[in-house]
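According to our numbering, the stretch in the first sequence is residues 17 to 296, in order.
Positions of the beta carbon are idealized from the N, C-alpha and C atoms, including for glycine.
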Amino acid sequence: MPELPEVETIRRTLAPHVEGRTVVAADMDDPLTCRHPADPAGFATRLRGRTVASLGRRGKYLLFELRGGGRLIVHLRMAGRLWWHAGPDARERFLRARLHLDDASVLDYIDMRRLGGMYLADDDGTGTPAGLLTLGPEALSPGFSPPVLAAALRGRRTAVKSVLLDQRVVAGIGNIYADEALHGAGIHPARRAGALRGPDVRRLHAAIVAALEEGVRAQGVSFSLYRDGEGRKGEMGERLRVYGRGGQPCYTCGTTLARTRVGGRGTALCPRCQRPPRGL
DNA sequence: CGCTTCCTGACT
DNA sequence: AGTCAGGAAGCG
Numbered sequence: 017m018p019e020l021p022e023v024e025t026i027r028r029t030l031a032p033h034v035e036g037r038t039v040v041a042a043d044m045d046d047p048l049t050c051r052h053p054a055d056p057a058g059f060a061t062r063l064r065g066r067t068v069a070s071l072g073r074r075g076k077y078l079l080f081e082l083r084g085g086g087r088l089i090v091h092l093r094m095a096g097r098l099w100w101h102a103g104p105d106a107r108e109r110f111l112r113a114r115l116h117l118d119d120a121s122v123l124d125y126i127d128m129r130r131l132g133g134m135y136l137a138d139d140d141g142t143g144t145p146a147g148l149l150t151l152g153p154e155a156l157s158p159g160f161s162p163p164v165l166a167a168a169l170r171g172r173r174t175a176v177k178s179v180l181l182d183q184r185v186v187a188g189i190g191n192i193y194a195d196e197a198l199h200g201a202g203i204h205p206a207r208r209a210g211a212l213r214g215p216d217v218r219r220l221h222a223a224i225v226a227a228l229e230e231g232v233r234a235q236g237v238s239f240s241l242y243r244d245g246e247g248r249k250g251e252m253g254e255r256l257r258v259y260g261r262g263g264q265p266c267y268t269c270g271t272t273l274a275r276t277r278v279g280g281r282g283t284a285l286c287p288r289c290q291r292p293p294r295g296l
């Protein structure tokens, strides 16, 4: 569900509520949510008494750095939500875990599809999800530059959109912002990555950064499930130019936006602004 | 690489 | 009944 702007918004809204707080109890209600350690009782025992020093983010991972070492890592995947309440609120239908903090507030982890998960990792890396270890540069950092993007695209016959979604290439882009960035750059999502020229790559890089920064400013997209750490919706949904707009007119040229499938993912594009070269 | 799978629900 | 969903690991 959430991509870099949504996860960053959650981090910002959650940080003031959890930093410096101690977990006095953890209700780990769902074995699937406990990725490491995998048993809920052990997970709860290890988390109890730990204090959150700071809340960070890497790609789409949220990192609760714990005082004295180690971290609690949360990945929301498609449908996960983190929701803080000043007191023990009503339990959401798909509540999978609840952390009780030492000021009587609670942090709820809600995940209808149970695709997301929580990890308790040590400083030596034990328990860290593999995907976090192989993450590419942060999309909104100097480490992600046009030359870095060019190197990732070079020589590859796969669709350019699939490369953008590869977290090992760049961390934080998901299906929404990939479509938005490709439209902003005027590049067809199924275009062969290796076929992009220097100017294409620079436009694409700029469009990625612009789309993600706009998403952060607007506090994310709230299509259905996403909310920030305090349950508020983001404004980015109304600013999307292609994602979710198949069949509606392109804001740039008026052409009816198309809906297709690229790399197994639903994809929206403007057939005129993003015209593919012959044979892609 | 690209396709399938994980999981559960909403919608056509 | 079939399709789709903001993600990513796993398997040929």
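Checklist entry - With DSSP run on the structure shown, which of helix, strand or coil describes residue 21? => result helix
Checklist entry - Between the Cα of residue 31 and the Cα atoms of 69, 293 and 56, which residue gives the shortest distance? => result 69
Item to check | Residues sharing a beta bridge with residue 52, DSSP | outcome: 135
Next on the checklist: Nearest by alpha-carbon distance to residue 62: which of 253, 211, 39 and 164 is it?
Outcome noted: 39
Next on the checklist: Buried or exposed for residue 184, going by 16 or more other Cβ atoms inside 10 Å?
Outcome noted: exposed
Item to check | Candidates 74, 176 and 196: closest to residue 268 by CA position | outcome: 196
Checklist entry - Where does residue 54 land, buried or exposed, given buried means 16+ other C-beta within 10 angstroms? => result exposed
Checklist entry - Nearest to residue 141 by CA position, among 52, 271 and 264, is which residue? => result 52
Next on the checklist: Assuming residue 199 is part of the beta strand (DSSP E), what are its boundary residues?
Outcome noted: Element bounds for residue 199: not the beta strand (DSSP E) but the alpha helix (DSSP H), 191 to 201.
Item to check | DSSP beta-bridge partners of residue 116 | outcome: 41 and 122
Checklist entry - In this structure, what does DSSP give as the bridge partners for residue 284? => result 275
Checklist entry - Should the region 245 to 255 be regarded as contacting the region 214 to 222, the criterion being three or more beta carbon pairs within less than 8 Å? => result no
Item to check | residue 44 versus 87, 86 and 110, residue with shortest Cα-Cα distance | outcome: 110
Checklist entry - Is the region 277 to 293 close to the region 190 to 205, with three or more CB pairs under 8 Å? => result yes
Checklist entry - residue 263: which of 252, 178 and 287 sits nearest, CA to CA? => result 287
Next on the checklist: Closest to residue 151 by C-alpha separation, out of 169, 187, 131 and 129, would be which residue?
Outcome noted: 187
Checklist entry - Any idea if residue 254 is buried or exposed, counting beta-carbon neighbours within 10 angstroms, 16 or more meaning buried? => result exposed
Next on the checklist: Does the region 95 to 114 come into contact with the region 123 to 134, if we say contact requires no fewer than three beta-carbon pairs (one atom in each stretch) closer than 8 Å?
Outcome noted: yes
Checklist entry - How about residue 280 and residue 22: do their beta carbons lie closer than 7 Å? => result no
Item to check | Range covered by the beta strand (DSSP E) that runs through residue 73 | outcome: 68 to 74
Checklist entry - Quick one: is residue 104 buried, meaning 16 or more other Cβ sit within 10 Å of its Cβ, or exposed? => result exposed
Checklist entry - Residue range of the beta strand (DSSP E) that residue 251 falls in? => result Segment: none, residue 251 is in no beta strand (DSSP E) and carries neither H nor E.
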